[in-house]
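**Student:**
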Amino acid sequence: MSLDQDEFSTLGNTGTEGSEQPDSVPGTYLLVFDQSSSWVVSLKENDEVLIGRTPQCQVRLSGDRVSRAHAKITVESGLAMLADLDSHNGTRLNGRNLTTPCPLVSGDVIGVGDVKLTYHAQTSVGSGNKLMGFAALRERLGEELERARTFERNLAVCVIDLGDPATQRKACETNLLRELHALDRAAWLGNRELAIVMPECDVDAAEASTLRILAALSPLVPSARLGLAVYPEHGVDVDMLLGSARRTAQTAEPRHVEVASESVETLRFGEHEILIAEPVMENLYALLSRLAKATLPILIRGETGSGKELAAAAIHHSSPRKAGPFVSLNCAAIMESLAESELFGYRRGAFSGALTDKMGLLEAASGGTLFLDEIGELSLSLQAKVLRVLDVQRLTRVGDTAERRIDLRLVAATHRDLSSAIREGKFREDLFFRLSAATVWIPPLRDRPREIPVLFESFMKRAGAGMDNDPPLLAASALEALRTYAWPGNVRQLKNVAEYFATVGRGSVLDANAVRAYLASGAPHQPLPSDGGAQLPVAPAVANQPSLPSDPARPGFRRIGEELIALERQRMTEALEVANGNQTRAAELLGMSVRTFFSKVKQYGLGRNAAPRA
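Position 409, counted from 1, in the sequence shown is what numbering that gives the first Met the number 0 calls 408; the numbers after and before it change by one each time, with no gaps.
This is the structure:
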């Protein structure tokens, strides 16, 4: 399926004139994958987006399996709802047929015929009843996330998949509410899923609670299955946690509780290894695999450092040309005066210094693939010459008169909006149409949060190979700092940061303060702790701060956070001694939540096993 050419401008297709796709990406959008291209459709508040074949549809698709008016997405009060419009072949959400309107969470995959649309939304953080509307639950989850982040508390999210639409909705609600604790809140997601927010709950306590909930629901819905996601291991914002729990529930066995994991797929293309932990990237590389079988040029769009060269390598190594050469040139990294001779080669004596004949990159890539990164940086004259080579598959070296036949496939990439460059007279429209027979857009790293810790640890491991000590351990706070950073340099920047900490932080614990200090200034202001134990923060330096005099009689100082951690650990140890090891009683003596006490017992290594949830 493909988007009709006259609708490109309306939809903001990443590879067309009139595109609204700029250097930055809209916060809430659909990323559409058809059989030959991908493009972005922005979603705004109070939008009603129709998907189908008619000209009235904002997302206009073609194909026998797409109805005239197939599906609809409405956005209201920050909540996107997906509904099937009685389409002939149905609409799928995360692989399952949609029977009633259902709210979307970031990362959901919508299926319309052979087209897949991935929903992405920015999360905003923000009720005595335990059962509430989904919008209210999202707000509540945002509030609990802020508390967990501020006070280093635990938080779990559970999604219950009831299989077929719940026929005993009231009975399910009644049994569920009996098992919820005072702080827990629940909401329906459509008519087959229930979401539960469980504050002050680590993975063990949450698993124990959800097993009881499952036991209560199983007599009514024997096929019920549960997915569980915990902050910060499985997500650090509302949609990451809900999405992880939802996808986990859909793949769990009936009458089972499944804990979300960072499921990672490893793809290898030649010398390149690609780690995938996001559904949107699975769809992207599936599209690249299909495109690789053809010979048409491909234009890859995406921010600098987002992985465009890896995508080009995947196209080459998945194509019938994989036995041929893969030649890459960054057009922005070569002087304009040298670009023509690099691309086309030259004959001896063509200019001063041309002592021998030299083959250019276009010729060197014959039989394989040429990847021109940042093609928008080529001069207009060179653009015209590249266009002719694509059309006739022949070239002439600089200073020569004889044409040479070549056989290459061109893959180009840019982070620029080429439609704007065309209007400004900086890019040839005919070359643009020649290149964009198929267009692929790569999401920025900030929109692929599940991949951030996976890639970071992989980069640290590679950088630390051969070193004596183990790379630093990632504290939970560091995980959140990495996931919530905007990463303007995308994967390239993440790799540089990981390699730095792999080198200087051997055998230490990497926490949020160290990560944020480095990202803010380019280097941490003091060494990482090397005891392999406590997660000691790294304080940023303050400009012109006077140093304390070196007085042996002056007591040493620690940061307030460290003092509080040490005091809390000491008081918990004392309470356990008084309570003869009874953790519930020790928590009561300190006036601390039982859930929090159990969690911190594990964190501080004060006991092997936490007691069951009270």
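Don't be surprised by glycine CBs; every beta carbon is placed ideally from N, CA and C.
With contact counted as at least three CB pairs below 8 angstroms, one residue from each stretch, are the segment 311–324 and the segment 345–362 in contact?
**Tutor:** The segment 311–324 is not in contact with the segment 345–362.
**Student:** If you reduce the DSSP assignment to three classes, tell me which class T595 lands in.
**Tutor:** Three-state DSSP puts T595 in a helix.
**Student:** For V541, which residues from the same chain have a beta carbon less than 6 angstroms from its beta carbon, with the 5 sequence-adjacent residues on both sides left out?
**Tutor:** Because the pLDDT at V541 is just 31, under 50, the model does not fix this residue reliably, and the value given afterwards should be weighed accordingly. Same-chain partners within the cutoff: there are none.
**Student:** Report the partner residues of C101 according to the DSSP bridge assignment.
**Tutor:** BP columns for C101 point to L81.
**Student:** Pairs of beta-carbons, one from the segment 274–282 and one from the segment 442–454, closer than 8 angstroms: are there three or more?
**Tutor:** Yes, the segment 274–282 touches the segment 442–454.
**Student:** Taking C101 and L81 to be in contact with their CB atoms under 8 angstroms, please state how far apart those CB atoms are, rounded to whole angstroms.
**Tutor:** Confirmed, Cβ separation roughly 6 angstroms.
**Student:** Under a Cβ-count criterion, where at least 16 other Cβ atoms within 10 Å of its own Cβ denotes burial, should A480 be classed as buried or exposed?
**Tutor:** When all chains shown are included, A480 counts as buried.
**Student:** To which residues of the same chain is S260 closer than 7 angstroms at the C-beta, ignoring the five residues directly before and after it?
**Tutor:** Within the same chain, S260 has no close Cβ partners at all.
**Student:** If V229 sits next to D201, beta carbons under 8 angstroms apart, how far is it from one beta carbon to the other, in whole angstroms?
**Tutor:** The Cβ separation is near 7 angstroms, so the contact holds.
**Student:** For F431 and E341, what's the separation of their Cα atoms in angstroms?
**Tutor:** In a straight line, the C-alpha of F431 is about 22 angstroms away from that of E341.
**Student:** Do V453 and L241 come within 8 angstroms of each other at the CB atom, strictly closer than that value?
**Tutor:** Not closer than 8 angstroms, so no.
**Student:** Could you tell me the alpha carbon to alpha carbon distance between W187 and G26, rounded to whole angstroms?
**Tutor:** C-alpha separation (whole angstroms): 25 angstroms.
**Student:** What alpha helix (DSSP H) runs, 4 residues minimum, are completely inside the segment 150–222?
**Tutor:** Correct list: 168–178 and 202–216.
**Student:** Which two residues bound the contiguous beta strand (DSSP E) that contains S327?
**Tutor:** First-last of the beta strand (DSSP E) with S327: F325 to N329.
**Student:** Measure how close the beta-carbons of P324 and L409 come, nearest whole angstrom, since I'm counting them as under 8 angstroms.
**Tutor:** Not confirmed; about 13 angstroms, so no contact.
**Student:** Report, in whole angstroms, the separation of the C-beta atoms of L92 and D107, which I expect to be a contact under 8 angstroms.
**Tutor:** So it is a contact: roughly 6 angstroms between Cβ atoms.
**Student:** Could you tell me the distance, in whole angstroms, from the CA atom of E281 to the CA atom of L30?
**Tutor:** Distance between the alpha carbons of E281 and L30 is about 13 angstroms.
**Student:** Since L298 and V256 are thought to touch, with beta carbons under 8 angstroms apart, how far apart are those beta carbons, to the nearest angstrom?
**Tutor:** The pair is not a contact, with the Cβ atoms about 45 angstroms apart (cut-off 8 angstroms).
**Student:** What does the alpha-carbon distance come out to for the pair Y603 and V577?
**Tutor:** Rounded to the nearest angstrom, the two C-alpha atoms are 18 angstroms apart.
**Student:** Does the count of Cβ pairs from the segment 204–212 and the segment 240–254 closer than 8 angstroms reach three?
**Tutor:** With the cut-off at 8 angstroms, the segment 204–212 and the segment 240–254 do not touch.
**Student:** Leaving out five residues before and five after S669 in sequence, what residues of the same chain have Cβ atoms less than 7 angstroms from its Cβ?
**Tutor:** Missing from the structure shown is residue 669; the chain here goes from 0 to 613 and no further.
**Student:** Tell me the DSSP secondary structure of T27 in three-state form.
**Tutor:** Coil.
**Student:** Alpha carbon to alpha carbon, how far is V263 from L290? Give it in angstroms, no decimals.
**Tutor:** Each residue's alpha carbon lies about 23 angstroms from the other.
**Student:** Could you work out which residue in A411, A331 and E402 is closest to T368 when comparing CA atoms only?
**Tutor:** Considering only alpha carbons, the answer is A411.
**Student:** Mapping the DSSP letters down to three states, classify E423 as helix, strand or coil.
**Tutor:** E423 falls in the coil class under three-state DSSP.
**Student:** Beta strand (DSSP E) containing D372: first to last residue?
**Tutor:** Residues T368 to D372.
**Student:** Excluding the 5 residues preceding and the 5 following P443 in the sequence, name in chain order all residues of the same chain whose CB lies nearer than 8 angstroms to its CB.
**Tutor:** Cβ within range, chain order: V24, G301, E302, S305, W486 and N489.
**Student:** Following the continuous beta strand (DSSP E) through G242, name the residue where it begins and the one where it ends.
**Tutor:** No beta strand (DSSP E) holds G242; the alpha helix (DSSP H) holding it covers V237 to T250.
**Student:** Span of the alpha helix (DSSP H) holding A585?
**Tutor:** Note, A585: alpha helix (DSSP H), Q582 to L589.
**Student:** In three-state terms, what does DSSP make of Y345?
**Tutor:** Three-state result, Y345: strand.
**Student:** Return helix, strand or coil for V600, following the three-state DSSP convention.
**Tutor:** Reduced to three states, the DSSP call for V600 is helix.
**Student:** To the nearest angstrom, how far is the alpha carbon of A353 from that of G344?
**Tutor:** Computed Cα separation, rounded: 10 angstroms.
**Student:** To which residues does DSSP link R403 through a beta bridge?
**Tutor:** DSSP output for R403 lists L394 as bridge partner(s).
**Student:** Measuring CA to CA, which of P231, S76, E308 and H69 is closest to N45?
**Tutor:** Residue S76 is the option with its Cα nearest to N45.
**Student:** Does the distance from the CB of A68 to the CB of D83 come in under 8 angstroms?
**Tutor:** No, the Cβ-Cβ distance between A68 and D83 is not below 8 angstroms.
**Student:** Which runs of the alpha helix (DSSP H) fall wholly inside the segment 257–299 and span at least 4 residues, in chain order?
**Tutor:** Runs of the alpha helix (DSSP H) inside the segment 257–299: 278–291.
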